[in-house]
Amino acid sequence: MKIQPLTSGIATAIGFAIVWTLCFILVWALPALSMNIFADMMHSSDMNMQWHFGVSGFVIELLAWSIISGFTGWLIAVFYNRLS
């Protein structure tokens, strides 16, 4: 079975865009809880950090995550097809 690299890349990019948007909304709506979760994930107790929200940051990071994840999905499909 072959995987379509372009389709796989686009699907991965869309999936990451949805996850990134949901994560951004969660952090925006519940910043204190999100900071606690982030500190636990990083094994840190330094709570001096602050979240900085802006439309431009959201759009730039959304594009970056989508492009990187789309390329990764494409690359995985290419390698899978060559190895199968």
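So in the numbering used here, the last spot in the sequence shown is 213, and the numbers never skip.
For each residue, glycine too, the CB sits at the ideal point set by N, CA and C.
Since we're looking at a predicted model, the values are computed, not measured.
Can you check which of these residues, the options, is closest to residue i by C-alpha distance?
| i | options | result |
| --- | --- | --- |
| Thr181 | Ile196, Ser195, Met164, Ala142 | Per the sequence shown, the amino acid found at residue 181 is His instead of Thr. Among Ile196, Ser195, Met164, Ala142, the Cα nearest to that of His181 belongs to Met164. |
| Ala193 | Asn177, Trp149, Ala206 | Trp149 |
| Gly144 | Arg211, Gly199, Ala206, Val207 | Gly199 |
Who are the near neighbours of residue i in its chain, counting only those whose CB is closer than 8 Å to its CB and skipping five residues on each side?
| i | result |
| --- | --- |
| Ser213 | Met130, Lys131 |
| Tyr209 | Ile132 |
Do residue j and residue i have their beta-carbon atoms positioned less than 8 Å apart in this structure?
| i | j | result |
| --- | --- | --- |
| Ser195 | Ala142 | yes |
Per the contact definition of three or more C-beta pairs closer than 8 Å, is the segment 156 to 170 in contact with the segment 188 to 198?
Output reads no: the segment 156 to 170 does not touch the segment 188 to 198.
contact_flag[the segment 131 to 139, the segment 152 to 163] where n(CB pairs < 8 Å) is 3 or more
The segment 131 to 139, when compared against the segment 152 to 163, does not touch it at the 8 Å Cβ threshold.
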